[in-house]
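*Asks:*
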Amino acid sequence: MIDTDGLTRVFGEITAVDELTLHVKEGEVFGFLGPNGAGKTTTVRMLASLISKSSGSATVAGYEIGDSSAELKLRRQIGLLPENVGLYEGMSAYRNLEYYGRLNRLDSTTLRKNIERLLRMMDLWEKRDLPVGTFSKGMKQKVAIARALVHDPVLLFLDEPTANLDPEAAKMVRDFILELKRDQRTIFLNTHHLDEAERICDRVGILKTRLLTVGTLEELKAQLWGTRTVVRLEHASESIVTALRARLGARKIEVSGNRLLIEVADPERENPEIAEAVLASGGRLRELTQLSPSLEEVYLRLIREEGPAA
Amino acid sequence: MRLSQAWTIALHDLVLLRTRRSVYVGLVLFPIMVAVIFPLLTRYILETATHMYPSELTSLLDAFSFWFAVGGSVLPGSIASYSIAGEKIEKSLEPLLATPSTDSEILLGKVLSAFLPTLLAIWGGAGLYMVLMDRVTGGYLGYLYYPNWEMAILLLVLSPLICLVSIEISVIISSWVTDVRSAQQISSMTFLPFVLIYVMGEAGVIPLDNPHLLEISGILAVLSLLLFSVSRKTFHREEILTRWR
Chain A
19 MIDTDGLTRV FGEITAVDEL TLHVKEGEVF GFLGPNGAGK TTTVRMLASL ISKSSGSATV
79 AGYEIGDSSA ELKLRRQIGL LPENVGLYEG MSAYRNLEYY GRLNRLDSTT LRKNIERLLR
139 MMDLWEKRDL PVGTFSKGMK QKVAIARALV HDPVLLFLDE PTANLDPEAA KMVRDFILEL
199 KRDQRTIFLN THHLDEAERI CDRVGILKTR LLTVGTLEEL KAQLWGTRTV VRLEHASESI
259 VTALRARLGA RKIEVSGNRL LIEVADPERE NPEIAEAVLA SGGRLRELTQ LSPSLEEVYL
319 RLIREEGPAA
Chain B
460 MRLSQAWTIA LHDLVLLRTR RSVYVGLVLF PIMVAVIFPL LTRYILETAT HMYPSELTSL
520 LDAFSFWFAV GGSVLPGSIA SYSIAGEKIE KSLEPLLATP STDSEILLGK VLSAFLPTLL
580 AIWGGAGLYM VLMDRVTGGY LGYLYYPNWE MAILLLVLSP LICLVSIEIS VIISSWVTDV
640 RSAQQISSMT FLPFVLIYVM GEAGVIPLDN PHLLEISGIL AVLSLLLFSV SRKTFHREEI
700 LTRWR
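Residue numbers (my numbering), protein chains in the order written: chain A, 19 to 328; chain B, 460 to 704.
#1: Whose Cβ in chain A lies nearer than 8 Å to the Cβ of THR701(B)?
#2: Quick one: residues in its chain with C-beta nearer than 8 Å to the C-beta of MET589(B), no 5 flanking neighbours on either side, listed in chain order?
#3: Could you tell me which whole beta strand (DSSP E) segments of length 3 or greater appear in the segment 231-312 of chain A?
#4: Does ILE496(B) pass the burial test, meaning 16 or more other C-beta atoms within 10 Å, or should it be called exposed?
#5: Taking the straight line between their C-alpha atoms, what separation do you get for ALA557(B) and SER274(A)?
#6: With the cut-off set at 9 Å, would you say ALA88(A) and ASP21(A) are in Cβ contact?
#7: When you compare only the Cα positions, how much space is there between LEU567(B) and GLY663(B)?
#8: Let me make sure I understand the geometry here. Which of GLU286(A), HIS41(A), ARG27(A), PHE29(A) has the alpha-carbon closest to that of THR231(A)?
#9: Find out if the Cβ-Cβ distance for the pair LEU309(A), THR247(A) is shorter than 9 Å.
#10: Measuring only between beta-carbons, confirm whether VAL408(A) sits less than 9 Å from chain B.
#11: Give a yes or no on whether the minimum CB-CB distance between ILE468(B) and chain A is below 9 Å.
#12: Evaluate the contact criterion for the segment 610-625 of chain B versus the segment 479-494 of chain B: three or more CB pairs, one atom per stretch, below 8 Å.
#13: Please compile the residues from chain A whose C-beta is within a distance smaller than 7 Å of the C-beta of ALA557(B).
#14: In angstroms, rounded to a whole number, what distance separates the CA positions of TRP526(B) and PHE650(B)?
#15: To the nearest angstrom, how far is the alpha carbon of GLU288(A) from that of LEU318(A)?
#16: How far does the beta strand (DSSP E) with GLU37(A) in it extend, from its first residue to its last?
#17: Nearest CA to the CA of GLY45(A): which residue from CYS219(A), LEU225(A), ARG192(A), GLU315(A)?
#18: Give me the Cα-Cα distance between LYS145(A) and ALA187(A), rounded to the nearest whole angstrom.
#19: Return the chain-ordered list of same chain residues with a C-beta closer than 7 Å to the C-beta of LEU105(A), the five sequence neighbours on each side being excluded.
#20: Which residues of chain B have a Cβ atom closer than 8 Å to the Cβ of LEU121(A), listed in chain order?
#21: In this structure, does DSSP put VAL664(B) in helix, strand or coil?
#22: Near THR596(B), what residues of its chain come up, given a Cβ to Cβ distance below 6 Å and the 5 sequence neighbours on each side ignored?
#23: Using a Cβ cut-off of 8 Å, pull out every chain B residue sitting near GLY108(A), in sequence order please.
#24: Residues of chain A with CB closer than 9 Å to the CB of HIS471(B), please, in chain order.
#25: Only counting the same chain, and skipping five residues up and downstream in sequence, which positions put a Cβ closer than 8 Å to that of LYS199(A)?
#26: What residues from chain A crowd round ARG640(B), counting only those whose CB sits closer than 8 Å?
#27: How about LEU90(A): is its C-beta nearer than 9 Å to some C-beta of chain B?
#28: Could you name the residues of the segment 679-700 of chain B whose beta carbon sits closer than 8 Å to any beta carbon of chain A, in the order they occur along the chain?
#29: Comparing alpha-carbon positions, which option in LEU555(B), ALA585(B), LEU679(B) lies nearest GLN464(B)?
#30: How about VAL630(B) and VAL570(B): do their beta carbons lie closer than 9 Å?
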């Protein structure tokens, strides 16, 4: 659905996006993570053919970006929720959606059907004639997402959809995105809410001007930490560590009080061996768990390694 | 360029105009005031003046008519400011730019939404003015002064051109102001040169007769073309998203 190759955007002397190479599959929810100023919005704007690229290439929904003859066709295939919802507050939810449907050249019947389907999906059908200005932030955000979907695009760009929302409104929006995910819609989600990415996205990419990494959450965790097992003992002793080394071979074992942190290659096979080795050497096992770093840890480590933003 | 796309945008902005009372009240009030006050003033002058030559009266009427051209510089600025600077400030331009519409279609839609109501208001006001003024001056002159060629040039050539120049200036201003009020205030300054022309007309420096009105129109047409190229460059998707403040 999205293929970029060395996509770059420079503003004067500042490189906002540097050599971005990325592939987003059809039906996938792709999370694009990064701190403020990392280039996420610039990337979305380039992919939505709103601003030009400085170099590199990208194909979105089958259209090459930067090809002026394909610009309008490309925009018909995508829906965009910008960071600021930008609704017409004095107009009703229905009229807001109707306007965008008309700009997307939908015929009246399709437009009416789409608006009703989307507003019902969001529990806003009963409030369709009320001015958007009277809605809560979460409701406005849902109307804005519906606006991006009114022409039934194959690809949806959501730029920080839960930024500035209170937890309840953010949950409302996240639940809605999850509903869209069930529809097998391709979604490109810009966010710096890591829990959001963790809950919603199939794969994530971490951007800080350059793409630092990309993969499923599990891949990222394994890539950065390897796989580790935490063993909590009643009393850690040198003899237990020696027994573990003898059983597992050249493995990194860190001792911290009564806690052992063991690097493992195949936890399914090695964890029972660890338990056996501990018990055989006279140790008493309190807990044995697979270490699972959060996305936050992965993110912070990568961002800190990269240094301050450009 | 698809005119239907521009028309969709213009219609939407015209609907929004109804929600902005200060703008549409001004739009209606100015032409009505000009249409009513000047005939009343003329009636007062005719009743109180000891003597007035018909040529003096007709030159006074020509000067009064010029106010409908001045209206073309005052009225569209506030609509265009809401339509462009307003959308920029309310952040509704980006979703609009993300639709399958070209920059030219969006710009044309915005221009039409300021141009059409202004022109209709001016024409409506001028119609009322001509009827009232003919009633006041018909007996004195012995014929109906309006409609005449001067008014035709004013309403069909000069007012639309002034209106266009004013909108183009509003587009350019909208790129660097950060609130609608500033955009309105700055674009309303467009009326100053036309008031100056009016004063010069009254002082007899530039007679506001047909040849001079056509000359002014010619200058405005050239200015409008120059400003069109600047506003076209200003209202460019990339510029709006990356440079507009």
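All C-beta atoms in this analysis are idealised placements derived from N, C-alpha and C, irrespective of residue type, glycine included.
*Replies:* Straight from the coordinates:
#1: Residues of chain A with a Cβ closer than 8 Å to the Cβ of THR701(B) are, in chain order, PHE29, ILE69.
#2: TYR605, PRO606, MET610
#3: 245-251, 271-274, 277-282, 303-309
#4: exposed
#5: 55 Å
#6: no
#7: 38 Å
#8: HIS41(A)
#9: Cβ distance < 9 Å, so LEU309(A) and THR247(A) count as in contact.
#10: Given that chain A is displayed from residue 19 to residue 328, the structure contains no residue 408(A) and the question cannot be resolved.
#11: yes
#12: At 8 Å Cβ cutoff, the stretches do not touch.
#13: Result: ALA66, LEU68, ARG93, LEU98.
#14: 10 Å
#15: 29 Å
#16: That run of the beta strand (DSSP E) goes 32-42.
#17: Per the Cα distances, CYS219(A).
#18: If you take the alpha carbons of LYS145(A) and ALA187(A), they lie about 17 Å apart.
#19: ASN114, VAL150, LYS158, VAL161, ALA162
#20: GLN464, THR467, ILE468, LEU555, THR558, PRO559, SER560
#21: coil
#22: Spatial neighbours of THR596(B) in its own chain (CB-CB distance under 6 Å, excluding positions within 5 residues in sequence) are listed in chain order as TYR604.
#23: LEU475, THR478
#24: TYR106, MET109, ARG113, TYR117, ARG120, LEU121
#25: VAL47, ILE205, ILE218
#26: Those within 8 Å of ARG640(B) in chain A number zero; the least Cβ separation is about 18 Å.
#27: yes
#28: ARG696, GLU697, LEU700
#29: LEU555(B)
#30: The Cβ atoms of VAL630(B) and VAL570(B) lie closer than 9 Å to each other.
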